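Under this note's numbering, think of the first position of the sequence shown as 169, with each following residue one higher.
Just so you know, even glycine gets a beta-carbon here, dropped at the ideal spot from N, CA and C.
This structure is a prediction, so every number in the text was calculated from the model and none was measured.
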Amino acid sequence: MNPPSQHPAWTILLTKGWLSRQPAWFQDEVVARATFETFEPDEAIYRIGGPPGGIYGLVSGTLKVSTAPPHSAPRFIQFGIQGAWAGEGPYLTGEPRRAELRAIGRCTLMHLPLDAMNRITERNADAIRCFAAITVSHFDVLARIIDDLLLPRADQRIASVLQRTGWLDPATVPISQAELGAMANASRKQVNAAIAHFASKGWIRHSYRSIEVLDGDSLLSFALKDDR
169 MNPPSQHPAW
179 TILLTKGWLS
189 RQPAWFQDEV
199 VARATFETFE
209 PDEAIYRIGG
219 PPGGIYGLVS
229 GTLKVSTAPP
239 HSAPRFIQFG
249 IQGAWAGEGP
259 YLTGEPRRAE
269 LRAIGRCTLM
279 HLPLDAMNRI
289 TERNADAIRC
299 FAAITVSHFD
309 VLARIIDDLL
319 LPRADQRIAS
329 VLQRTGWLDP
339 ATVPISQAEL
349 GAMANASRKQ
359 VNAAIAHFAS
369 KGWIRHSYRS
379 IEVLDGDSLL
389 SFALKDDR
């Protein structure tokens, strides 16, 4: 029988994203304690305010990440991509969930429970730094989201959001125009005009509730151009 780390799912998680950048001893600890879980379309993995729990790594499928400040409704801010991990907040703070993770289509995830995270840390305190690196990667994504929203024109914001969502593999974004508008702080009219323009340039291909990113580099160049 092959060792767990040679399973195709682990091949993905050990070569993409957060876990691929951690030391071998830590990877071995995670592999030994994590289990596969499958979620159906629109099923929540966890919700804002939910009880403390462990982390999840995306093996296949697409996830929707939503968050909000206290007393506000959750807002869709980002897609979870293959190899990404989330859910480390309760481990670091002992507090309830601060975000919602939801399956868009059928998803397979790797789950490392909170008690397993604590046991790994008891064995080697350097695990704290490894788990905290998930938060650092989230900060990098949030910095990009903020930068997108600070772009001056709606079509630039839409282009940058589409380029960011093109990180999905394959780069077909399961998103409605209303969701795209919310992510880019743009009206439906602005979204419609931008999609038509980008499609005419050959940068995207769109259909009902789906946009395929064909040329992310051109989208980003458009988003960052300065017309002053």
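Closest by CA to residue i, which one among the options?
i           : options            : result
residue 260 : 235, 218, 303      : 303
residue 278 : 227, 314, 219, 184 : 227
residue 248 : 293, 333, 222      : 333
residue 202 : 219, 282, 272      : 282
residue 288 : 343, 197, 384, 276 : 197
residue 190 : 296, 374, 321, 235 : 296
residue 137 : 182, 272, 225, 254 : For residue 137 there is no data in the structure shown, the boundaries of the chain being 169 and 396.
residue 233 : 317, 347, 187, 365 : 347
residue 250 : 188, 267, 394, 280 : 188
residue 212 : 267, 182, 245      : 267
residue 319 : 307, 286, 343, 354 : 354
How many angstroms separate the CA atom of residue i from the CA atom of residue j?
i           : j           : result
residue 243 : residue 356 : 17 Å
residue 327 : residue 291 : 46 Å
residue 184 : residue 176 : 12 Å
residue 262 : residue 379 : 39 Å
residue 199 : residue 178 : 8 Å
residue 275 : residue 269 : 11 Å
residue 237 : residue 215 : 14 Å
residue 373 : residue 239 : 37 Å
residue 396 : residue 230 : Confidence at residue 396 is low in this model, with a pLDDT of 45, below 50, so the placement of that residue should be treated as unreliable; the coordinate-derived value is given next. Cα-Cα distance, rounded: 38 Å.
residue 205 : residue 294 : 27 Å
residue 384 : residue 258 : 35 Å
residue 169 : residue 180 : Confidence is the limiting factor: at residue 169 the pLDDT is only 39, short of 50, which leaves the residue's position unreliable and the question unanswerable from this model.
residue 377 : residue 284 : 39 Å
residue 182 : residue 195 : 8 Å
residue 381 : residue 331 : 7 Å
residue 311 : residue 305 : 10 Å
residue 193 : residue 321 : 47 Å
residue 207 : residue 394 : 43 Å
residue 363 : residue 375 : 11 Å
residue 299 : residue 224 : 12 Å
residue 368 : residue 313 : 26 Å
residue 307 : residue 361 : 31 Å
For residue i, name the three-state secondary structure that DSSP assigns.
i           : result
residue 262 : coil
residue 373 : strand
residue 405 : Limits of the chain in this structure are 169 at one end and 396 at the other, which puts residue 405 out of reach.
residue 355 : coil
residue 379 : strand
residue 396 : In this prediction, residue 396 scores a pLDDT of 45, lower than 50, which makes its location untrustworthy; the coordinate-derived value is nonetheless stated afterwards. Of the three classes helix, strand and coil, the one that applies to residue 396 here is coil, per DSSP.
My assumption, with CB atoms under 8 Å, is that residue i sits in contact with residue j. Please give the rounded CB distance.
i           : j           : result
residue 390 : residue 345 : Not really, about 18 Å apart at Cβ, beyond 8 Å.
residue 359 : residue 349 : 5 Å
residue 186 : residue 253 : 5 Å
residue 366 : residue 387 : 7 Å
residue 329 : residue 352 : 5 Å
residue 246 : residue 341 : Wrong, their Cβ atoms sit about 12 Å apart, outside the cutoff.
residue 222 : residue 280 : 5 Å
Any beta-carbon of chain B closer than 9 Å to the one on residue i?
i           : result
residue 178 : Checking the listed chains, one finds no chain B in this structure; it contains a single protein chain.
Can you check the region 259 to 307 for any beta strand (DSSP E) of at least 3 residues that lies completely inside it and give the ranges in chain order? 267 to 271, 275 to 280
Only counting runs of 4 or more residues, tell me where the alpha helix (DSSP H) segments fall wholly within the region 183 to 253, in order along the chain. 192 to 201
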